[in-house]
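Numbering (this note's numbering), first residue to last: -18 to 61.
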C-alpha cells in the first residue's frame, strides 16, 4: 500500500513540475512575442522623443518586467 502512495506522490510531483515548466515557457514566449511586435512603435514613440518622467516610467515598467520574466524562467526547478 505504501508503494502505491509513493508512486502517486511521485506522479503528482512530476505533473506539477511539467505544469510549472509549461506555464513558465508560455510566459516567456508571450513576453518575447509582445516585445518583438511592439519594438518599432516603442522606438518611434519613446526612444526618439524628449525624455520625460513618463518615458522613464514606461521604460522601467517594460524592461523590469522582461528582466523579471527571465529570472523566473531561468530559476532552477528545485527552488520552484
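Where is the CB? At the ideal position from N, CA and C, for every residue including glycine.
Pairwise C-alpha distance: residue j and residue i
i: residue 38; j: residue 19; result: 17 Å
i: residue 53; j: residue 30; result: 32 Å
i: residue -5; j: residue 50; result: 23 Å
i: residue 41; j: residue -9; result: 41 Å
i: residue 7; j: residue -15; result: 33 Å
i: residue 10; j: residue 21; result: 19 Å
i: residue 14; j: residue 0; result: 21 Å
i: residue 45; j: residue -7; result: 33 Å
i: residue 5; j: residue 56; result: 10 Å
Proximal residues to residue i (C-beta, below 8 Å), its chain only, five neighbours per side dropped
i: residue 23; result: 43
Cβ-Cβ distance between residue i and residue j below 8 Å
i: residue 12; j: residue 47; result: yes
i: residue 33; j: residue 27; result: no
Cut-off 7 Å between Cβ atoms - residues of its own chain near residue i, not counting five sequence neighbours on either side
i: residue -12; result: none
i: residue 16; result: 47
Exercise for review: Return the chain-ordered ranges of every alpha helix (DSSP H) run that is complete within the region -12 to 38 and spans a minimum of 4 residues.
Suggested key: The region -12 to 38 contains no whole alpha helix (DSSP H) run of 4 or more residues.
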